[in-house]
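> One structure, pasted below without further comment.
Residue numbers (my numbering): 1 to 464.
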């Protein structure tokens, strides 16, 4: 078990006034060694905090005085100070098994930790959940959590997870709901395994056993070219339409039974089927926006000016926890120095190699993104703006989301594009300024301007 290490101290904060410095190890807080950022938050949420510090091998004791509700003003190195609870399932559909070698190490970590579900929106199968975990979740109100369901039939779920505990671990879902914990569920649909009619059985099981679920998203299996599982394959068109039909029918059943739709199909299903997206009202507030449910409809609303602010999904509790670092897909898109110093004309934008002016503009996006953007851009009636779709050859297979684009694929497409044009790159492709293949925007053949991946930012960038 490690100790939280201070990586940043806010100027003028309570910690700064007490003399705490970056690099300090927080050995104890009010006499306790915290195991994670959740416990850390509870310990520092007092007007007086006794801090035991290890500074370069020397033990120091600091008493921090602060106002009630005032942040301590620290950022620490990690959200968990003990070991991440790793996943002991062996799901055929796990995308981690479909990654190529040589990516950053953090991408290969399989976690099944309810704390990361609470902090960052990760999904847990509950196969490693315990009575002690339940007690803590309930006592500290660690809500909401995200749970991977996949199937309510015990045999099907156990088979999909390749873990016999998969047959019984949904008992913890029932316990969480019984104690008033908000839970968002997920079903990854694998053709020939848990699609229709198993999906119908699963949705019937949810209505019968877990009607208190906040939401349930139904998402298609993603298959990369590195997949080696014989059963895992892309959906056929008939299977795609069957899933959509099932979800739509069950939405009506849920509306009649509990007064809300509860289950939603991912945007990818509508794109694969070539069907229009549901109206905004059908998404009931977009509670699963970050899981790809209603993203296209919210982007349209933002881009067309129906809303003046970018739609955000559940922000993740870490956003309000003193000291918790952004991590995973919530990590900063741009390096901190650049993000803090850039003062371009487009809010949140950053230029690499120069951009701007009155030249023609190309919007870089993935194949799914191009399907959403094309009609919106066409409606502008401007011949100086075009959509530049990039096929993901790096991951291959069915990978078509913009967030998984890598620098090599973007460079391949840009290499045949005109010099001097303005190229807009959505920040969702980057983590701390790097693509998944560890290249950066400066490695691309033309200068790019990185903007937030929402309709409001694109509208501003195009001067609409």
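Positions of the beta carbon are idealized from the N, C-alpha and C atoms, including for glycine.
I'd like to know if the region 109-120 and the region 80-96 are in contact, where contact means that at least 3 CB-CB pairs between them fall below 8 Å.
yes
> Could you tell me the distance, in whole angstroms, from the CA atom of residue 187 to the CA atom of residue 148?
6 Å
> If we ignore side chains and look at the alpha-carbon of each, how far apart do residue 403 and residue 63 end up?
44 Å
> Is the Cβ-Cβ distance between residue 177 and residue 216 less than 7 Å?
no
> Any idea what DSSP makes of residue 186, helix, strand or coil?
strand
> For residue 190 and residue 90, I'd like the C-alpha separation in whole angstroms.
Rounded to the nearest whole angstrom, the C-alpha separation of residue 190 and residue 90 is 15 Å.
> DSSP has residue 90 in a bridge; who is on the other side?
BP columns for residue 90 are empty, so no partner.
> What first and last residue would you give for the beta strand (DSSP E) that runs through residue 423?
First-last of the beta strand (DSSP E) with residue 423: 422-426.
> Helix, strand or coil for residue 444? Go by DSSP, reduced to three states.
coil
> Does DSSP classify residue 196 as helix, strand or coil?
coil
> I'd like to confirm the pairing. Which residues does DSSP put opposite residue 217 in its beta bridges?
Residue pairing from DSSP places residue 217 in a beta bridge opposite 186, 264.
> Three or more C-beta pairs under 8 Å: does that hold for the region 251-270 against the region 202-216?
yes
> Is it true that the region 424-440 meets the region 358-369, where meeting means three or more beta-carbon pairs spaced less than 8 Å apart?
yes
> Could you check the C-alpha separation between residue 376 and residue 429 for me, to the nearest Å?
21 Å
> So, is residue 398 buried or exposed, given that buried needs 16 or more other C-beta atoms within 10 angstroms?
If you draw a 10 Å sphere on the C-beta of residue 398, you find 16 or more other C-beta atoms in it, and that means buried.
> Straight-line CA distance for residue 3 to residue 49?
The alpha-carbon atoms of residue 3 and residue 49 are separated by roughly 17 Å.
> If distances are taken between C-alpha atoms only, which option among 421, 447, 303 comes closest to residue 458?
303
> What residues match up with residue 465 in a beta bridge as DSSP calls it?
Given that the chain is displayed from residue 1 to residue 464, the structure contains no residue 465 and the question cannot be resolved.
> Restricting to Cα atoms, I'd like to know which of 51, 38, 46, 42 is closest to residue 28.
For the options 51, 38, 46, 42, the alpha carbon positioned closest to that of residue 28 is the one of 51.
> Report the three-state DSSP secondary structure of residue 257 (helix, strand or coil).
helix
> Is DSSP giving residue 289 helix, strand or coil here?
helix
> Quick one: what's residue 54 bridged to in DSSP?
25, 59
> Where does the unbroken alpha helix (DSSP H) through residue 117 begin, and where does it stop?
114-120
> Within the continuous alpha helix (DSSP H) that includes residue 106, where are the two ends?
Taken as a continuous stretch (DSSP letters only), residue 106 belongs to no alpha helix (DSSP H), as it is neither H nor E.
> With distances taken Cα to Cα, identify the nearest neighbour of residue 381 among 464, 249, 391.
464
> Is the number of C-beta pairs between the region 115-128 and the region 159-175 that are closer than 8 Å three or more?
yes
> Skipping 5 residues on each side, what residues in its chain have a beta carbon closer than 6 Å to that of residue 314?
Unreliable placement is indicated for residue 314, whose pLDDT of 44 sits below 50; the coordinate value is still reported in the next sentence. If we look at residue 314 and ignore the five residues flanking it on each side, it has no Cβ neighbours.
> What residues are listed by DSSP as bridge partners for residue 8?
75
> Pull the bridge partners of residue 80 from the DSSP assignment, please.
36
> Which partner residues of residue 65 appear in the DSSP bridge assignment?
Paired residue(s): 48.
> Between 32, 388, 440, 247, which has its C-alpha nearest residue 408's C-alpha?
440
> Using only the alpha-carbon positions, how far apart do residue 198 and residue 248 sit?
Near 16 Å, if we compare the C-alpha coordinates of residue 248 and residue 198.
> Taking the straight line between their C-alpha atoms, what separation do you get for residue 34 and residue 16?
One C-alpha to the other measures close to 21 Å.
> Just how far apart, CA to CA, sit residue 76 and residue 285?
33 Å
> If the criterion is Cβ atoms closer than 7 Å, does the pair residue 414 and residue 389 meet it?
no
> Is residue 239 near residue 195, with beta carbons less than 7 Å apart?
yes
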